[in-house]
Every structure is written in C-alpha cells, then in structure tokens.
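Student:
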Amino acid sequence: MLSVNHIVKQYASHRALDDVSLTVEQGKIFGLLGPNGAGKTSLIRIITQITAPDSGEVIFNGKRLNSDHIAQIGYLPEERGLYKKMEIGEQVLYLAKLKGLSTAEATKRIKYWFEKLEMGSWWNKKVEDLSKGMQQKVQFVATVMHTPELIILDEPFSGFDPVNADIIKNEILELNRQGSTFIFSTHRMESVEELCDHIALIHQSKKILDGSVEAIKQEYRNNTYWVEYEGTLQPAETPFDIRETEQHKNMTRIKVQLKPGQTANELLSVLLPQVAIHRLDEVIPTMNDIFIEKVKQKN
Amino acid sequence: MNKILLIIQREYLSRVKKKSFIVMTLLTPIIIAGFYGVAIYFSIQGISGTSNKIAVVSENKTLLEKLPSSKNRNYQYVDQSLKEMKSSLKNGSYDYVLYLPDFDLNHPEGIQLLGNKQAGLTLSSKISDDIEELIRNQKLKTSGIAQEELDKLKTSVDIDTKKISDTGKEEDSSAGASTIIAYVSGILMFMFIMLYGVQVMRGVIEEKTNRIIEVMISSVKPFQLMMGKIIGIALVGLTQFVLWIVLTASISTVAMKMLVNDKDLKESAMQASVQAKKMPSAQVAAANTPGIGNIQKSLANLELTKIISVFIFFFIGGYLFYSALYAAIGSAVDSETETQQFMFPVMMPLLFGYILSLSVITNDPYGPMAFWLSIIPFTSPIAMMVRLPYGVPDWQLMLSMGLMVIGFVGTVWVASRIYRVGILMYGKKASFKEMIKWFAYKN
Numbered sequence: 006m007l008s009v010n011h012i013v014k015q016y017a018s019h020r021a022l023d024d025v026s027l028t029v030e031q032g033k034i035f036g037l038l039g040p041n042g043a044g045k046t047s048l049i050r051i052i053t054q055i056t057a058p059d060s061g062e063v064i065f066n067g068k069r070l071n072s073d074h075i076a077q078i079g080y081l082p083e084e085r086g087l088y089k090k091m092e093i094g095e096q097v098l099y100l101a102k103l104k105g106l107s108t109a110e111a112t113k114r115i116k117y118w119f120e121k122l123e124m125g126s127w128w129n130k131k132v133e134d135l136s137k138g139m140q141q142k143v144q145f146v147a148t149v150m151h152t153p154e155l156i157i158l159d160e161p162f163s164g165f166d167p168v169n170a171d172i173i174k175n176e177i178l179e180l181n182r183q184g185s186t187f188i189f190s191t192h193r194m195e196s197v198e199e200l201c202d203h204i205a206l207i208h209q210s211k212k213i214l215d216g217s218v219e220a221i222k223q224e225y226r227n228n229t230y231w232v233e234y235e236g237t238l239q240p241a242e243t244p245f246d247i248r249e250t251e252q253h254k255n256m257t258r259i260k261v262q263l264k265p266g267q268t269a270n271e272l273l274s275v276l277l278p279q280v281a282i283h284r285l286d287e288v289i290p291t292m293n294d295i296f297i298e299k300v301k302q303k304n
Numbered sequence: 183m184n185k186i187l188l189i190i191q192r193e194y195l196s197r198v199k200k201k202s203f204i205v206m207t208l209l210t211p212i213i214i215a216g217f218y219g220v221a222i223y224f225s226i227q228g229i230s231g232t233s234n235k236i237a238v239v240s241e242n243k244t245l246l247e248k249l250p251s252s253k254n255r256n257y258q259y260v261d262q263s264l265k266e267m268k269s270s271l272k273n274g275s276y277d278y279v280l281y282l283p284d285f286d287l288n289h290p291e292g293i294q295l296l297g298n299k300q301a302g303l304t305l306s307s308k309i310s311d312d313i314e315e316l317i318r319n320q321k322l323k324t325s326g327i328a329q330e331e332l333d334k335l336k337t338s339v340d341i342d343t344k345k346i347s348d349t350g351k352e353e354d355s356s357a358g359a360s361t362i363i364a365y366v367s368g369i370l371m372f373m374f375i376m377l378y379g380v381q382v383m384r385g386v387i388e389e390k391t392n393r394i395i396e397v398m399i400s401s402v403k404p405f406q407l408m409m410g411k412i413i414g415i416a417l418v419g420l421t422q423f424v425l426w427i428v429l430t431a432s433i434s435t436v437a438m439k440m441l442v443n444d445k446d447l448k449e450s451a452m453q454a455s456v457q458a459k460k461m462p463s464a465q466v467a468a469a470n471t472p473g474i475g476n477i478q479k480s481l482a483n484l485e486l487t488k489i490i491s492v493f494i495f496f497f498i499g500g501y502l503f504y505s506a507l508y509a510a511i512g513s514a515v516d517s518e519t520e521t522q523q524f525m526f527p528v529m530m531p532l533l534f535g536y537i538l539s540l541s542v543i544t545n546d547p548y549g550p551m552a553f554w555l556s557i558i559p560f561t562s563p564i565a566m567m568v569r570l571p572y573g574v575p576d577w578q579l580m581l582s583m584g585l586m587v588i589g590f591v592g593t594v595w596v597a598s599r600i601y602r603v604g605i606l607m608y609g610k611k612a613s614f615k616e617m618i619k620w621f622a623y624k625n
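Protein chains in written order, with our numbering: chain R, 6 to 304; chain G, 183 to 625.
1) Any C-beta of chain R sitting closer than 8 Å to the C-beta of G:Glu-193?
2) With distances taken from CA atoms, which of R:Lys-33, R:Gly-67, R:Gly-32, R:Cys-201 is nearest R:Asn-10?
3) Comparing the C-beta of G:Val-397 with each C-beta of chain R, is any distance below 8 Å?
4) Determine the closest residue to G:Tyr-257 out of G:Val-568, G:Asp-277, G:Ala-597, G:Gly-500, with distance taken between C-alpha atoms.
5) Which bits of chain R does G:Tyr-608 rub up against, with CB to CB less than 8 Å?
6) Looking at C-alpha atoms only, which residue of R:Arg-20, R:Ile-55, R:Leu-214 is the closest neighbour of R:Ser-26?
7) What in chain G is Cβ-close to R:Ile-75, meaning under 9 Å?
8) Which same chain residues end up closer than 8 Å to R:His-208 when comparing Cβ atoms and leaving out the 5 residues on each side of it in sequence?
9) With a threshold of 16 other CB atoms inside 10 Å of the CB of G:Ser-263, please say whether the residue is buried or exposed.
10) For a contact defined as C-beta to C-beta under 8 Å, what are the partners of G:Ser-196 on chain R?
11) Three Cβ pairs or more, each shorter than 8 Å: is that satisfied between the region 593 to 607 of chain G and the region 392 to 406 of chain G?
12) My understanding is that R:Gln-262 touches R:Asn-228, with C-beta atoms under 8 Å, so please give their C-beta distance in whole angstroms.
13) Residues of chain G with CB under 8 Å from R:Tyr-99, in chain order?
14) Check whether the region 275 to 288 of chain R and the region 185 to 201 of chain R touch, using three or more Cβ-Cβ pairs below 8 Å as the test.
15) Using a cut-off of 7 Å between C-beta atoms, extract the partners of R:Leu-103 located in chain G.
16) Comparing the C-beta of G:Lys-619 with each C-beta of chain R, is any distance below 8 Å?
17) Given this structure, state the Cα-to-Cα distance separating G:Ile-557 from G:Lys-321, to the nearest angstrom.
18) Could you tell me whether any Cβ in chain R is nearer than 8 Å to the Cβ of G:Arg-393?
19) Reducing DSSP to helix, strand and coil, say where R:Gln-183 ends up.
20) Shorter than 8 Å from the beta carbon of R:Thr-186 to some beta carbon of chain G?
21) Quick one: which unbroken alpha helix (DSSP H) runs of 4-plus residues sit fully inside the region 43 to 124 of chain R? Chain order, please.
22) According to DSSP, is G:Thr-440 helix, strand or coil?
23) In the DSSP assignment, find the alpha helix (DSSP H) that holds G:Met-312 and state where it starts and stops.
24) To the nearest angstrom, how far is it from the Cα of R:Trp-128 to the Cα of G:Ile-413?
25) Using the Cβ count rule (16 or more neighbours within 10 Å means buried), how would you classify R:Tyr-117?
26) The beta strand (DSSP E) that contains G:Gly-297, what's its start and end?
27) With a Cβ-Cβ cutoff of 8 Å, do G:Ala-514 and G:Ala-597 count as a contact?
28) Helix, strand or coil, according to DSSP, for R:Ile-28 in the structure here?
29) To test your reading of the DSSP string, which unbroken beta strand (DSSP E) runs of 3 or more residues are found completely within the region 244 to 289 of chain G?
30) Buried or exposed for G:Gly-473, going by 16 or more other Cβ atoms inside 10 Å?
31) Is it buried or exposed for G:Leu-305, if we count other Cβ within 10 angstroms and need 16 for buried?
32) Check the C-beta distance from G:Ile-186 over to G:Gly-410 and give it rounded, since I have them as a contact under 8 Å.
33) So R:Ile-55 contacts chain G; which residues on that side make the cut at Cβ distance below 8 Å?
34) What residue ranges within the region 255 to 303 of chain R form continuous alpha helix (DSSP H) runs of no fewer than 4 residues, ordered along the chain?
35) Would you call R:Tyr-88 buried or exposed, if buried means 16 or more other Cβ atoms sit within 10 Å of its Cβ?
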C-alpha cells in the first residue's frame, strides 16, 4: 500500500536519508529499526508529509502522496504531548476534527474508545491532572480513532507500565486484524519479534537490511546448537566447535557450532554413543543479536 | 480552510475560557473606572471643597489692600503677633498662618507660611499668586493707574484655532483634541501589539515544549497552525478590548451618577471659569477651562469614522506584522528565557516608533520625521494613528496602508518559513544565522 522510492533528504551539512526505498504491504506490521540518529524520524516525517524529500517519491495506494492522504494516516510521534490546560474529551475531539471527522462521528468514536480502554471518567479531566501513562493512552486513542489505513507508531510503548503496554499491544493486533497497516519504529527488539511481520533496518542514513522477520532470522542462523547431556564427552572425538561449556551438578550444557554442510543428525550420531542427551535446541538469533551485529559490522 | 477555522476556534475559546482572562477582563475596567472616579471626585472636591482658614499676620506698611479670600483660601487678618499666632495654630482655630513682614515691594522677602501640616504645592503656589497679584496692583496704583483701568487690563484670551481644509472650508480644530486622540490611539496600538504579540509567541513555545506540535502538523500545515493561532489571539484581544471599553464606559457612567450630581458638576465648571478669569496669572486654569467647549466641538468635527476605520486597519495590520515575527521567535526557542536576544530587535522599532510618535509627531505633525515614521511599516501603525488627527494627505495614507499590507504579507511569509523548520527543532540553540538558514530550506 505504501512504497517509498529512492528518497534523499539533505539537511544543511548532514544527509539524513540516502537513497532509501522500501515497501509496506497492506495489512502488515512493518518494523522500522535503526540506532538513534539513523534517519528513522526523517523518513517518518516524509511519509506523514511534515517535510518533503529532496528527491524520490512516496506512493500511497497507487497515488503520489498528497494532502488528501493526511486523513488516512495516523501518527504517534516519539516527541508527543497534549495541550496541558485542555480537557481530555475536548482535546481528542479537536484532534479528530482536524483529521476530518464530524463532531457527531468523532464524539461517538471517542466514547467507544474511552469505554474500551477504561477511560470513561476522563472526559472532563485536564491533561495536567493525568499521569504520564494515562496521557500516553489518550494519545494512542487520538492516533487511531479516525481509523486510518496506515498507522505510524514511534516508540509506542515508552512510558507504559507492563499492564498498559499489553493492553495497547492487543489493541494494535486487533486493529491490524481489522485491516490497518502499521509502521512501527522502536528500539525494543522483543516487541519487534512479537508484533512485526517485516522489518527494515536503517543505519547511517542508508537501509542496510530489509525482509520478513522469518526470512531474516533464517538467514542469520549459523548452524549453532545448545546441547544438554549427562556423562562425559571426549572433546578429541568431536569434530565440532564447542563455543561454551556450562556445568550444573552432573548436567553439562554446551554450545556447538557446526561446520557448513553438517547437520544436527551428524551431531547427534557423534554424541549418542558417548552421553545421555536431555535436550538439543537450535540457536535462532534474536532480532536484538541481528540488530547489534549488523550495526557493528557497518561501523 | 476548514482546519484554520478549527484552530482559530480552539485558540480563541481556550483563552477566553481561562480564569485569568475573565478576571482581567472584569477587573481592569473596575480599576480604570475607579481610578478616574477617584480623580474626578477629588478634582471636584478640590475646587469646591476644603476651605483653608489662613490667619494673616501683616507687619507690612506699604500694602494697603488686603488679600481677597476665595473658595478654598479664607484669609483672616489678625492683630496678634506671629508668636501668639503660633500657639493658636496648635489649638486648631486656624489651618495656616501667613506672615507678611515689612518688605520693600520690589524685594518681597521673609514671607512665611506656617501650619500644623505641610501646605500642598497647589495651595502654596496659589497663595504666592495671590500675594503677587496684590503687590502688582499696589505697584500699578502707586504709579497712578485708576482702578477701572486696572479692571480693563484683565482679559482672558482663548484662541479659537481653525484649519483651512483642502476645499477651502474653515474647520474648527483643536490642538488639544488632536493630541488626545493621537495619544490614546498611539498607546492603544502599542499595548495591543505588545500584549497579544507576546501571547502568540508564548502559544508557540507552549506547543513546542508540550511536544504536541508534531501531532498537530501531521494533521495541518505549519502555516495553517501559525495563522490560526495569530488570528485566534487577535480575536481574543479584540474581544477583551471591546469588553474593556463597554465595561469601563458603563461603570464610569454609573459611578459618576453616584459620586456627583449634575448640579455639582456644572457649579464646579462655572467656578473654575470664574476663577480663571479672576486670575490671569494662573496659567493652567486659564488655558484649560475655556478650551473644554472647543475640544468637544472639534472632537465632533474630526472625521471620526475615518479615524476609526483607519485605526482598525492599522490595528490589524500592525498586529499581523509583529505577531508573525513573534511566532517565528517562539518557533526558534525551547523556552521563554531564551527569547530575550530575539525580542529586543523586534521590540526596538516598535518602542522607537512609540516614543518618537508621541514626542516628535505631536509637536510637528507635518515634518519629514512624521512623514517617514508613518510610511515605514515597522513604525507606521503607531505613527500614522498619531498623525491622523492632525490631517494627513490621502496619498500618504494610501501609500502607508499599501506598504503596511506588503509589510505584513512579507513578515508572515518570512516568519512561516522560519516557523515550519523551527517548531521541529528541539534542544538546538537558535541564532540569527541559524534562522536565516531555516528560511532558505526547501520544504
């Protein structure tokens, strides 16, 4: 539904985005990752039409991005806030009307969301009377209440306690099931693994990794296994790299890296005659590992 | 367009509903009316009220006449010595004791005014006027001029100023009326621009520090947000001003009715003019009192509709011109404490225009300084309003208004370019160099 083609954005002496292209498919949750200052926010600001690219284009549902699309995009920025002196209900209503909803429609939807997220009694409260977590909830509602096709969330979980973070996560998944597409920018890799279908990694203004979470994880497997056993293993007779060894009473745990072409079956056939195997797991790299490895590589 | 209206609505309502707005709007007229009420009350009381009983101890042998008593100065000649009178001051039978020693008429020295309390400036100068007149009359008499001749010498002069208009018609004009209008409109203009221009800046800084700005501009264009804020606050300002004027007028009318009845007022005006005729030397009274009628007449003669419409034009034009600059400043900083270095250069021309208008233009409303100040958009809102009551050629007015329009379109354009970049810059120390760079950014 959204494709970003060869975007370049230059600030005075600093190139924020250098020929970045990516495609977000309808109904997916797309993770936009990258260390601080990589250019994520610059890219999001171009998609939300806050700034324009120097060159390149953004295509939204087959059309070049234009001001008609504003109502179809919901954006929760990382730097977010509310008018402190305004009442919550009035404030969300204002933001919804700016997105093009009528007063009646907006009121109906706010009521629905406030009910759903247990915020019913907040309507007449002032923002300054709410805790930070409560304010985040209000902002989340303001972002999604005009049921945009594309919802962009920048660090949506910062400031939430685990209970509320879970509530918001479930709302994201439900909206996703109902057809909303998400772009999700974060540093918290565990939430990426839980939520995202597809990721792109931006580092130093360039895209350095792009693909489905499944495929990337597969690609970054390096034939490493955890083995737990009882008994004694003769290291001389094992033709594998043992990377780590841990001893718990009479249980031993080793991390083994196989050579290219070798399989888990071969590993087992070597081990079986020697020790009693309790467990064998393949080490699948976490997104966190991949992220760190990729970024370090580039530096 | 619809979005700008929404923004205007929010900016307007959120301010008008504030407690501080309501309190300020209600309190200011009460304070102003109270202030005027007290001033009027005392000025009337001052003329007709407190009478000072003054015992005169005269050892003078050349002064044949006695000091004539008047409403608040009751002179009573006593035959006691100064020493005796000092003690009678203490028991309160007199307010003051005036001692006239035996002086030479050409060198009146040693005159003393004693009292339990310090005599006010007005009272002591009135008394010295009385003595001066007495001495002058004495001198004139000794030089052989008859009393009738003396009476004839007292004339009160009241200049009736008329301006020949372009059509050759004589119009009543009054430097007094023009000056009053010039001052009032100059001050109002300055206050409005300062007060509400700064509010625009505060509003922008608030949005930035609250971090709502990025949420907002993913829905609206920065230009819409800026203009919405500027217009919304202008309406707040106009609302407050209109309320102030209406409330002040009604409160003062009611208060006037309660404090003084019409008879008192007429009486005091009569008295003032009688006194003025009696004492040609009392300059202030002579200049003011007979003029009041003239000022009222000329106020009616000044083209009030023209003045009001031009006032509204420059009110809005000047406000737009400056508030756009204030918006740009607000967008460039993270907190109000950082605004100082930018505020100064923006305030300078305004302050400069204000001071020069009220000093130079009111003295020389047709000079080159008046012309240039009222043409250049930085100072024209104030300077033109100050000049207008004295009469400004149409072509100059047109030129000034035209430049004002170009001026505010220009500042709004420049400011919006700085604003759109500035509002997204957090924690960056802004400088003029930086702002020029922002101005040059493409979208």
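Idealized CB from N, CA, C, for every residue including glycine.
Tutor: Considering the structure as presented:
1) no
2) R:Gly-67
3) yes
4) G:Asp-277
5) Glu-84
6) R:Leu-214
7) Ser-400, Ser-401, Val-402
8) Gly-39, Pro-40, Ala-43, Lys-299, Val-300, Lys-303
9) exposed
10) Tyr-88, Lys-90, Met-91
11) yes
12) 6 Å
13) Leu-188, Arg-192
14) no
15) Lys-185, Leu-188, Ser-401, Val-402
16) yes
17) 57 Å
18) yes
19) coil
20) no
21) 45 to 52, 93 to 103, 108 to 121
22) Contrary to the premise, residue 440 of chain G reads as Met rather than Thr in this sequence. Note: G:Met-440 maps to helix in three-state DSSP.
23) For the record, residue 312 of chain G in the displayed sequence is Asp; it is not Met. G:Asp-312 -> alpha helix (DSSP H) spans 303 to 324.
24) 28 Å
25) exposed
26) 294 to 297
27) no
28) Residue identity check: residue 28 of chain R is Thr in the sequence provided, not Ile. Residue state, collapsed to three classes: strand.
29) 255 to 259, 278 to 282
30) Low confidence applies to G:Gly-473: its pLDDT is 46, below 50, so where it sits in the model is not reliable, and the reading given next is rough at best. Per the 10 Å Cβ criterion, buried.
31) buried
32) 5 Å
33) Glu-396, Ile-399, Ser-400, Leu-606
34) 269 to 276, 292 to 303
35) buried
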